[in-house]
Amino acid sequence: MLCIELTFLGENLPDNCTGVAVATMGAGESSTRKVSFGLDEDDRVKVLHGVKLSEDVLQRMRDSVHGPVSQAKPTGSPKGDPVPQPGPTAPEVQEELRHRYERVQEMVQEELARITRQEREAGQGDVNTAVLRERAHGRDEAERAKQLEKHLDRKEAELKNLAAFYKEQLTLLEKKNLDYYNLTSELYQEAATKAEAHVKPRTISPICTGLQAQVLDCYRSNQKETLHCSNLAKEYMQCINAAKKSLLVNHG
Numbered sequence: 000m001l002c003i004e005l006t007f008l009g010e011n012l013p014d015n016c017t018g019v020a021v022a023t024m025g026a027g028e029s030s031t032r033k034v035s036f037g038l039d040e041d042d043r044v045k046v047l048h049g050v051k052l053s054e055d056v057l058q059r060m061r062d063s064v065h066g067p068v069s070q071a072k073p074t075g076s077p078k079g080d081p082v083p084q085p086g087p088t089a090p091e092v093q094e095e096l097r098h099r100y101e102r103v104q105e106m107v108q109e110e111l112a113r114i115t116r117q118e119r120e121a122g123q124g125d126v127n128t129a130v131l132r133e134r135a136h137g138r139d140e141a142e143r144a145k146q147l148e149k150h151l152d153r154k155e156a157e158l159k160n161l162a163a164f165y166k167e168q169l170t171l172l173e174k175k176n177l178d179y180y181n182l183t184s185e186l187y188q189e190a191a192t193k194a195e196a197h198v199k200p201r202t203i204s205p206i207c208t209g210l211q212a213q214v215l216d217c218y219r220s221n222q223k224e225t226l227h228c229s230n231l232a233k234e235y236m237q238c239i240n241a242a243k244k245s246l247l248v249n250h251g
């Protein structure tokens, strides 16, 4: 950062000369005060520290400050030897320095106004860029949300189509199973009917019924002495075996 330093020759400036850095020179000594300029709320010059001015403005300020102090114009004199003109008085020097100070203050004010405008424009540009970036981000998010919604709608439609397809297939399978069951039932009934037509009915009559009754009565009467019924039981078994042999001979 660069602060403005200006040097004035002549008498001390008045105390209200606070808008520039003032260097005053007295008899045999000099002193320098360094200050810098800024703008207040009313765009007026105020003292700041570390204000950076352009090289062009600094050069103009140096030229304005270090320019020659205007001399009083010589007045006409009678012909003859030239009369030495008196130098500028202290009030004239102070007036000239005051004019220079005012010009320097105007240049500083113009430069600070320009810097302020640039900073404001740059700040506004940054804000606009951030707003545009945020808007673009919002549009991107909205677009992604729309795409996601469309994707979910497509997936939901696909799931509905699959559910309808599987339901239709299940209905077809149930119908096929029912048709197959009905068909097999019909075939079974037809086969059973044909088998009954070819098989001759048989009449079965009980055999050895008399001996069977005698054996049962004997066992009831002699529950503790069953050996008394052994002969009847042997006769009953012989009757049964004879009946079996007879059936095998007749239907063998």
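Counted from 1, the sequence shown has number 30 at position 31 by numbering that gives the first Met the number 0; the numbering is strictly sequential.
Heads up, the beta-carbon is just placed ideally off N, CA and C, and yes, glycines get one too.
- Selection Tyr165, Arg138 and Met236 evaluated against Cys207 yields Met236 as nearest (Cα-Cα).
- Contact between the stretch 177-189 and the stretch 210-228 is absent, with fewer than three C-beta pairs closer than 8 Å.
- Between the C-alpha atoms of His227 and Ala212 there is a straight-line separation of about 15 Å.
- Counting along the chain, Val92 sits inside the alpha helix (DSSP H) bounded by residues Ala89 to His197.
- Between Lys193 and Thr202, the alpha-carbon positions lie close to 21 Å from each other.
- Judged by DSSP in its simplified three-state form, Thr225 adopts helix.
- Excluding residues up to 5 positions away in sequence, Leu231, Glu234, Tyr235 and Cys238 lie with their Cβ nearer than 8 Å to the Cβ of Leu210 in the same chain.
- The C-beta of Tyr165 has fewer than 16 other C-beta atoms within 10 Å across all chains shown, which makes the residue exposed.
- Counting along the chain, Ser204 sits inside no alpha helix (DSSP H), nor does DSSP assign it H or E at all.
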